[in-house]
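Engineer: Count the sequence shown with the numbering used here and you get residues 659 to 909, in order.
Beta carbons are placed, not taken as given, at the ideal position from N, Cα and C, and that holds for glycine.
Nothing here was measured: the structure is a model prediction, and the numbers come from that model.
Handing you a structure now.
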Amino acid sequence: MTIDRVTTGPATAGAPVGYTVEELARKVGMSARNIRAHQARRLLAPPVRRGRVALYDDSHVRRLEAILTLQRQGFNLVSIEAMLGVRTGDETPDGLTAMLQRLAAERPALTHALTRHGVIGRAPDGTVRTVRPRPLRAALDLHRVRMGTVPALQALSEVLDSVRPLADELVSAVTARMLTLAPELGGSGSRPSWSDGDRETILLTQGVVNVLTEAFRLAVEHQAEAHIAGLLDNGSGAPTPVGDAALVDKG
Numbered sequence: 659m660t661i662d663r664v665t666t667g668p669a670t671a672g673a674p675v676g677y678t679v680e681e682l683a684r685k686v687g688m689s690a691r692n693i694r695a696h697q698a699r700r701l702l703a704p705p706v707r708r709g710r711v712a713l714y715d716d717s718h719v720r721r722l723e724a725i726l727t728l729q730r731q732g733f734n735l736v737s738i739e740a741m742l743g744v745r746t747g748d749e750t751p752d753g754l755t756a757m758l759q760r761l762a763a764e765r766p767a768l769t770h771a772l773t774r775h776g777v778i779g780r781a782p783d784g785t786v787r788t789v790r791p792r793p794l795r796a797a798l799d800l801h802r803v804r805m806g807t808v809p810a811l812q813a814l815s816e817v818l819d820s821v822r823p824l825a826d827e828l829v830s831a832v833t834a835r836m837l838t839l840a841p842e843l844g845g846s847g848s849r850p851s852w853s854d855g856d857r858e859t860i861l862l863t864q865g866v867v868n869v870l871t872e873a874f875r876l877a878v879e880h881q882a883e884a885h886i887a888g889l890l891d892n893g894s895g896a897p898t899p900v901g902d903a904a905l906v907d908k909g
């Protein structure tokens, strides 16, 4: 699949324009709010302004169609940002970059799974890079208990597979409950511009993420130590074989 790499700068003044945000929303089958959210994330170039009217062109249509195609394939917005060259990611040490390149060559299915979850991505030159370093580092740190790189990354991928549907349910339920407890979050009053609504959406999104992240961390910390100790006591006590040792290189 070829992804149209539209720049995130303003649309060219000489380019044909003619869609209002409402017309663009109808054309691509996406809400105007989501279009503006993609614009705020720099996934979509700003429109050309004609007086007070913001107009979009066919390059915006192609970009949004590419985003929708990737979303239907299961990629989240973080992954899409990396694939479209929007998210620069953290600077990846040379050793880690080399390890990711070997992983892509030797374990393409695992690499694809981690890309789909937004942990890693491909730069425009084709190199594999880190998009979300924290989960990647957490998995690679399992070498301290003699777990090989590939098993650790496979475990991370499977955890993300399991958590994703749970996250969908929790985000929906928690957000709905917050709106019930604090109806003012729904923004029923008038707003001076759509940008105010986008800012509120971003702030509420980050708030929900923070609450769920810390609550899940607390719940896991309460359960993990005793549960893992029990599993180890019931096991043979033999260390888990370390596979793919040649891939262990965190830089």
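Under 8 Å by Cβ, that's how I've got residue 759 and residue 786 pegged, so tell me the actual separation to the nearest angstrom.
Structural biologist: Within the sequence shown, numbered from 1, the residue matching residue 759 stands at position 101. Within the sequence shown, numbered from 1, the residue matching residue 786 stands at position 128. Right, the Cβ-Cβ distance comes to about 6 Å (below 8 Å), so this counts as a contact.
Engineer: Would DSSP call residue 833 helix, strand or coil?
Structural biologist: Here residue 833 refers to the residue found at position 175 of the sequence shown. Residue 833 falls in the helix class under three-state DSSP.
Engineer: Which runs of the beta strand (DSSP E), 3 residues or longer, sit entirely within the stretch 760-814?
Structural biologist: Whole beta strand (DSSP E) segments, 3+ residues: 778-780, 786-788.
Engineer: How about residue 699 and residue 764: are their beta carbons less than 9 Å apart?
Structural biologist: In the sequence shown, residue 699 corresponds to position 41, counting from 1. In the sequence shown, residue 764 corresponds to position 106, counting from 1. For residue 699 and residue 764, no; Cβs fall outside 9 Å.
Engineer: Within 10 angstroms of its Cβ, does residue 662 collect 16 or more other Cβ (buried), or is it exposed?
Structural biologist: Within the sequence shown, numbered from 1, the residue matching residue 662 stands at position 4. Legend: pLDDT at residue 662 = 41, less than 50; position of this residue unreliable, value from coordinates given subsequently. Result: exposed.
Engineer: Is it buried or exposed for residue 838, if we count other Cβ within 10 angstroms and need 16 for buried?
Structural biologist: On the sequence shown, residue 838 is found 180 positions in, with the first residue counted as 1. Exposed, because fewer than 16 other Cβ atoms sit within 10 Å of the Cβ of residue 838.
Engineer: Apart from the five residues just before and just after residue 701, which ones in its own chain have a Cβ nearer than 8 Å to its Cβ?
Structural biologist: To locate residue 701, count along the sequence shown from 1; it is residue 43. Here the set comprises 666, 721, 725, 735, 738, 739, 742, 744.
Engineer: Taking the beta strand (DSSP E) that residue 708 belongs to, which residues open and close that run?
Structural biologist: Locating residue 708 in the sequence shown gives position 50, counting from the first residue. Note, residue 708: beta strand (DSSP E), 706-708.
Engineer: With DSSP collapsed to three states, give me the class of residue 910.
Structural biologist: No information on residue 910 is available, as it lies outside the stretch 659 to 909 that the chain covers here.
Engineer: Closest to residue 753 by C-alpha separation, out of 798, 714, 774, 719, would be which residue?
Structural biologist: Stepping through the sequence shown from its first residue, residue 753 is reached at position 95. It is 798 whose Cα lies nearest to the Cα of residue 753.
Engineer: When you compare only the Cα positions, how much space is there between residue 810 and residue 800?
Structural biologist: For the purposes of this step, residue 810 is identified with residue 152 of the sequence shown, where counting begins at 1. For the purposes of this step, residue 800 is identified with residue 142 of the sequence shown, where counting begins at 1. For residue 810 and residue 800, the distance between alpha carbons rounds to 7 Å.
Engineer: Report all residues from its chain with a CB closer than 7 Å to the CB of residue 812; omit the five preceding and five following residues, and keep chain order.
Structural biologist: Looking up residue 812 in the sequence shown gives position 154. Correct list, in chain order: 768.
Engineer: Please report the distance separating the alpha-carbon of residue 867 from that of residue 818.
Structural biologist: Position 209 of the sequence shown, counted from the first residue, corresponds to residue 867. Position 160 of the sequence shown, counted from the first residue, corresponds to residue 818. Distance between the alpha carbons of residue 867 and residue 818: 15 Å.
Engineer: Measuring only the C-alpha atoms, how far is residue 830 from residue 824?
Structural biologist: On the sequence shown, position 172 is the one that residue 830 refers to. On the sequence shown, position 166 is the one that residue 824 refers to. So the two alpha carbons sit approximately 10 Å from each other.
Engineer: Tell me whether residue 690 counts as near the ligand FAD, meaning its Cβ is closer than 8 Å to at least one heavy atom of that ligand.
Structural biologist: In the structure shown, the ligand FAD is absent, as is every other ligand, since no ligand is present at all.
Engineer: Just verifying my parser: in three-state terms, what is the DSSP assignment at residue 687?
Structural biologist: Reading the sequence shown from its first residue, position 29 is the one you call residue 687. Three-state DSSP puts residue 687 in coil, outside helix and strand.
Engineer: Thinking just about the alpha-carbon of each residue, which of 784, 796, 683 is nearest to the one in residue 777?
Structural biologist: One-based indexing of the sequence shown puts residue 777 at position 119. Here the closest residue by C-alpha is 796.
Engineer: Determine the extent of the alpha helix (DSSP H) in which residue 723 is found, giving its start and end residues.
Structural biologist: Here the question's residue 723 lines up with position 65 in the sequence shown. Note, residue 723: alpha helix (DSSP H), 716-730.
Engineer: How about residue 827 and residue 843: do their beta carbons lie closer than 9 Å?
Structural biologist: Residue numbering aside, residue 827 sits at position 169 when the sequence shown is read from its first letter. Residue numbering aside, residue 843 sits at position 185 when the sequence shown is read from its first letter. No, the pair does not count as a contact, with Cβ atoms beyond the cut-off.
Engineer: Taking all protein chains shown into account, decide if residue 696 is buried (16 or more other Cβ within 10 angstroms of its Cβ) or exposed.
Structural biologist: In the sequence shown, the residue the question calls residue 696 occupies position 38. Answer is buried; the Cβ neighbour count reaches 16.
Engineer: If you drop the 5 nearest sequence neighbours on each side, which residues of the same chain put their C-beta closer than 6 Å to that of residue 833?
Structural biologist: The sequence position of residue 833 within the sequence shown is 175, counting from 1. Excluding positions up to five away in sequence, the list reads 866.
Engineer: Quick check on this structure: which residue in 719, 705, 885, 709 has the alpha carbon closest to the alpha carbon of residue 684?
Structural biologist: Residue 684 sits at position 26 when you count from the first residue of the sequence shown. Residue 684 has its Cα closest to that of 719, out of 719, 705, 885, 709.
Engineer: Taking residue 740 as part of the alpha helix (DSSP H), name the residues at either end of that continuous run.
Structural biologist: On the sequence shown, position 82 is the one that residue 740 refers to. Residues 735-741.
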